[in-house]
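Heads up: the sequence lines are chains Z and S, in that order.
Each residue of the first sequence is one higher than the one before, starting from 162 at the first, in our numbering.
Each residue of the second sequence is one higher than the one before, starting from -9 at the first, in our numbering.
Where is the CB? At the ideal position from N, CA and C, for every residue including glycine.
On a predicted model such as this, the values are computed, not experimentally measured, just so you know.
Accompanying notes for the structure given below.
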Amino acid sequence: MTHLTHNPDLTSSVIYGLGWVYLLMFLMNAYWVRRSYALDGNCRLSLGGILGKGEQIPVAAFWAVYAGMLLMVAVTHLTGWKNPQQFSLQMPEFLKEPINRASNPVAFFIGSTTIYVLMIVLRKWWTTPTAGWILLNLSILFLALSVTDYDFRQIVGKPDNVPIVAMLYIVGFFTWLYFKKSVDNDERTAAGRPLFEQENNEKVLTWPDLVYSELICMVLLTAVLIAWGIVLQAPLEEPASAAKTPNPSKAPWYFLGLQEMLVYFDPWMAGVVLPSVILVGLMAVPYIDFNKAGNGYYTFNERKFAVSTFLFGFLPLWVAMIVLGTFLRGPNWNFFSPYEFWDVHKLELLNNINLSELFWIKGLGRPLPVVPPGATFAQQAPIILLREWLGLVGVAFYLVVLPNIMAATVFKKYYVKMGFLRYMVLANLMLMMMSLPIKMVLRWAVNLKYIVAIPEWFFNI
Amino acid sequence: MSVGDYIRGSQIWKSIFRHPAPVDRRNRVVVMLTNFFLHLHPVSVKQQGIALSYTWCMGGITFFLFLVETITGVLLMFYYRPTLEFAFNDILALRDVTTLGIMREVHRWSAHAMVITVWLHMYRVFLTGSYKPPREFNWVIGVLLLVLTLLLSFTGYLLPWDQLAIWAITVGSNMARATPFLGYEGPGAQLLNIGGYDLITNGSDARFLLLGSRFVGEATLNRFYILHCVAIPLVVSLLIAIHFWRVRKDGGISQPL
């Protein structure tokens, strides 16, 4: 008796495709066994005393066992794909359950920020080839197992979302490469040896050294683009209809970080002011970074502040927000866990509250000052200013007073070196960047909606 | 005398390539100086400046993808008509019947790839500190090119005229409604009025300027088509030229002068 379901976790084509993925992983790791045998040496295996003092065995043996398992899994897939009902290799429910339950925007942001911190703190550890290889294998295994879930597949498999998955691997790889080269250079500097970039830095002729690599690169890329075009068809949905609004309606994927900010900010902030600040801030980078070190070579130790700030803006606040907006935001922009069905009727309680309401109603136990309907601007202004005074003072403190306090304390060295104008630009850019995580935390901690809420003037912060 | 020697000895060949093949040091220098395309490069470069693990090649790949977009884009323009009547059906035909309709796939995937490679190029330039003096201004031009790449991608997103297209553009352009002072739902817009008449309405604000209409319609399609195929590529080409020229004038891609 076969169990028929409209949303099967496993289908023949999924199992067949995964078979090739595991076969590829086997080949990758077969290569790694060879590499490990040549480079990694031996370790002592005692299995907790069972083998006595233990035997010297090559580290490569562990990789060989792993590669052998991958081969068996691949063969199982490639021979068993015709009977998806009897196939049992898939993401187990006991893993899906806790992942689904633990997933929410708070955990996501805290998680991505934690990874960002660990990446910097543990940079010596995770940039070794073996650690990088383990991380790569784990991420592919997670993805391959997750594809066996119907709901996961619906979202990640959308043609326009495939580039984002590729981007994650590419960004991850280059971040790894950056830290690896930085750790190497920082160790060289500490030991008084020349930088990697200073060794073998003779001038060579552009023809052939550069033009040939350019040619090879162009040929390879052309092949990749054509193959990609053949394998994956560009999306084309129903003809446009102004009457049928899809739910969720999403901007193109590279703007989904901005769309995610709409959860915490009004459109004028999330869609206009903050993007402008990002661009102006990027353009200002060369003019506010007075540190002359680190020009033309990879280093972390010599540019800790600049690199940490940039990485925080790029990884948790941009790339991770795109991932959140693309893969985890469903109908009505509700949060959906990776293995959760995108239910249009999912309800989320919204009991967000403005700072003015917290102050007047909860704090003082008095009603909010009310603007009479039909009031002119001059009549509105004093009432609104009275109602929102706490938020306005808070924002003014944050953007005007706080930079000065920082100049006298934590950023004293910067202030002295940069001068007033450049320091103020830096401080305000930093504070604008931090306004997003701050509003996130305020939302999660006290359900705060707006710090300043003046809907009469479309001015909500 | 072989055919090859005959061709290379002919007047036509010599009028195009003014020196022998670049197989010795002298001619490898000369080829870089006499060829229009190659003279974008210097004659010689520092080894680290072309090491793949250092440059990641992302700037070059971005430029190559821009060329791919131009070529496939021109081919697509032969078939595609930006009107409500034809737009969707032309894309459908590109998918189902047109010979080499795969150009649309290549165009779209290259566009996605270009957004990613621009980010990675910027990532590399930042992480190697290559924006530091004397290259500050070229970084600024680079940021402008980043914005224009995103705008190219955004305007192109509308052209297939399917549900994905118009609603992505609707969501994206709704933000312009909230532009301070210039959007009719933006803070400060109500201050801009003369004798009680609002200057900024939903028929005159920043969003209307972008869409050419109060909603994403035929005027928007036309406007985005021209921005996508003519206006933005022209500006991008100019900025790319300046970007490359400045790389040369500022002493290569990286490292202090």
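Member of Z:Ala401, Z:Ala467 and Z:Trp414 whose CA lies at the smallest distance from the CA of Val324 of chain Z: Taking the first residue of the first sequence as position 1, residue 324 of chain Z is located at position 163. Inspection of the sequence shows that residue 324 of chain Z is occupied by Pro rather than by Val. Comparing Cα positions, the closest option is Z:Trp414.
Measuring only between beta-carbons, confirm whether Trp287 of chain Z sits less than 9 Å from chain S. Counted from its first residue, the first sequence places residue 287 of chain Z at position 126. No, no contact with chain S.
Of the residues that make up the segment 135 to 158 of chain S, which ones have a beta carbon closer than 7 Å to any beta carbon in chain Z? Residues passing the 7 Å Cβ filter: Val137, Leu140, Ser143, Phe144, Tyr147, Pro150, Trp151, Asp152, Gln153, Leu154, Ala155, Ile156, Trp157 and Ala158.
Is the Cβ-Cβ distance between Tyr459 of chain Z and Asp312 of chain Z less than 9 Å? In the first sequence, the residue the question calls residue 459 of chain Z occupies position 298. In the first sequence, the residue the question calls residue 312 of chain Z occupies position 151. The answer is no: Cβ separation not under 9 Å.
Quick one: does the C-beta of Thr210 of chain S sit closer than 8 Å to a heavy atom of the ligand HEM? Although the ligand HEM was asked about, the structure shown includes no ligands whatsoever.
Compare the Cα-Cα distances from Glu216 of chain Z to each of Z:Ala222, Z:Tyr227 and Z:Cys204 and report the closest residue. As a first step, residue 216 of chain Z must be located in the first sequence, where it is residue number 55. Comparing Cα positions, the closest option is Z:Cys204.
Starting from Leu206 of chain Z, trace the beta strand (DSSP E) in both directions and tell me its first and last residue. Taking the first residue of the first sequence as position 1, residue 206 of chain Z is located at position 45. Its beta strand (DSSP E) spans residues Asn203 to Leu206.
For Lys411 of chain Z, three-class secondary structure by DSSP: The sequence position of residue 411 of chain Z within the first sequence is 250, counting from 1. Here Lys411 of chain Z sits in coil by DSSP.
Can you confirm whether Gly390 of chain Z, when its beta carbon is compared against all beta carbons of chain S, has any partner nearer than 9 Å? By 1-based counting over the first sequence, the position of residue 390 of chain Z is 229. So yes, Gly390 of chain Z belongs to the interface.
How many Å lie between Phe68 of chain S and Ile260 of chain Z at the Cα? The count along the second sequence starts at 1 and reaches residue 68 of chain S at position 78. The count along the first sequence starts at 1 and reaches residue 260 of chain Z at position 99. Phe68 of chain S and Ile260 of chain Z: Cα-Cα distance of roughly 49 Å.
For Phe466 of chain Z, count the other beta carbons within 10 Å of its own beta carbon; 16 or more makes it buried, fewer makes it exposed. Which is it? Translated into positions along the first sequence, residue 466 of chain Z becomes position 305. Classification of Phe466 of chain Z: exposed, given that the 10 Å Cβ count is below 16.
Between Asn192 of chain S and chain Z, is any beta-carbon pair separated by less than 9 Å? Here residue 192 of chain S corresponds to residue number 202 of the second sequence, with the count starting at 1. By this cut-off, Asn192 of chain S is not an interface position.
Please return the same chain residues whose Cβ sits closer than 6 Å to the Cβ of Tyr44 of chain S, not counting the five positions on each side in sequence. The sequence position of residue 44 of chain S within the second sequence is 54, counting from 1. Gln38.
Decide if Met162 of chain Z is buried, meaning its Cβ has at least 16 other Cβ atoms within 10 Å, or exposed. Walking along the first sequence from the start, residue 162 of chain Z turns up at place 1. Because Met162 of chain Z sits at a pLDDT of 38, beneath the cut-off of 50, its placement in the model cannot be relied upon, and the point is left open.
How would you write the range of the alpha helix (DSSP H) that Lys342 of chain Z sits in, first residue to last? Residue numbering aside, residue 342 of chain Z sits at position 181 when the first sequence is read from its first letter. Per DSSP, Lys342 of chain Z belongs to the alpha helix (DSSP H) from Val323 to Ala352.
With a threshold of 7 Å on Cβ separation, who are the neighbours of Leu247 of chain S within its own chain once the five nearest residues in sequence on each side are excluded? Taking the first residue of the second sequence as 1, we reach residue 247 of chain S at position 257. Pro124 and Gly241.
For chain S, is any of its Cβ atoms less than 9 Å away from the one on Thr163 of chain Z? Working through the first sequence from its first residue, we reach residue 163 of chain Z at position 2. In this predicted model, Thr163 of chain Z has a pLDDT of only 47, less than 50, meaning its place in the structure is not dependable enough to derive any value.
Determine the chain Z residues that contact Trp46 of chain S at a beta-carbon separation under 7 Å, and present them in chain order. Start at 1 with the first residue of the second sequence, and residue 46 of chain S comes out as number 56. Going along chain Z in sequence order, the residues near Trp46 of chain S (Cβ under 7 Å) are Phe335.
Cβ-Cβ distance between Arg314 of chain Z and Ser498 of chain Z below 9 Å: The residue you call residue 314 of chain Z lines up with position 153 of the first sequence. The residue you call residue 498 of chain Z lines up with position 337 of the first sequence. Cβ atoms of Arg314 of chain Z and Ser498 of chain Z: not closer than 9 Å.
Once DSSP output is grouped into helix, strand and coil, what is the label at Tyr(-4) of chain S? Locating residue -4 of chain S in the second sequence gives position 6, where the first residue counts as 1. Residue state, collapsed to three classes: helix.
Under a three-way DSSP split, which group does Asp188 of chain S fall into? Here residue 188 of chain S refers to the residue found at position 198 when the second sequence is read from its first residue. It is a strand residue.
Test item: CB-CB of His111 of chain S and Thr367 of chain Z under 9 Å: Position 121 of the second sequence, counted from the first residue, corresponds to residue 111 of chain S. Position 206 of the first sequence, counted from the first residue, corresponds to residue 367 of chain Z. No, Cβ-Cβ distance for His111 of chain S and Thr367 of chain Z is not below 9 Å.
Is the Cβ-Cβ distance between Leu171 of chain Z and Pro245 of chain Z less than 9 Å? Position 10 of the first sequence, counted from the first residue, corresponds to residue 171 of chain Z. Position 84 of the first sequence, counted from the first residue, corresponds to residue 245 of chain Z. It is a contact, given that the beta carbons lie within the stated cut-off.
Pull up the CB-CB distance for Leu356 of chain Z and Arg349 of chain Z, whole angstroms please, since I reckon it's below 8 Å. Residue 356 of chain Z sits at position 195 when you count from the first residue of the first sequence. Residue 349 of chain Z sits at position 188 when you count from the first residue of the first sequence. Taking C-beta atoms under 8 Å as the contact rule, Leu356 of chain Z and Arg349 of chain Z qualify, at a distance of about 6 Å.
Partner residues on chain Z for Asn274 of chain S, Cβ-Cβ distance less than 8 Å: Since the first residue shown for chain S is -9 and the last is 247, residue 274 of chain S is missing from the structure and cannot be characterised.
Might you give, ordered along the chain, the residues of its own chain that have their beta carbon closer than 8 Å to the beta carbon of Asn190 of chain Z, omitting 5 neighbours on each side? On the first sequence, residue 190 of chain Z is found 29 positions in, with the first residue counted as 1. Around Asn190 of chain Z: Trp224, Tyr227, Ala228, Leu231 and Asn298.
Ala401 of chain Z versus Ile176 of chain Z - alpha carbon distance: Stepping through the first sequence from its first residue, residue 401 of chain Z is reached at position 240. Stepping through the first sequence from its first residue, residue 176 of chain Z is reached at position 15. Distance between the alpha carbons of Ala401 of chain Z and Ile176 of chain Z: 35 Å.
What do you get for Arg98 of chain S, buried or exposed, if any count of 16 or more other CB atoms within 10 angstroms of its CB means buried? Translated into the one-based positions of the second sequence, residue 98 of chain S becomes position 108. By the neighbour-count rule (16 or more Cβ atoms within 10 Å), Arg98 of chain S is buried.
Since Lys239 of chain S meets chain Z, which of its residues come closer than 8 Å, beta carbon to beta carbon? Residue mapping note: residue 239 of chain S aligns to position 249 of the second sequence, counting from 1. Simply none; closest approach about 16 Å.
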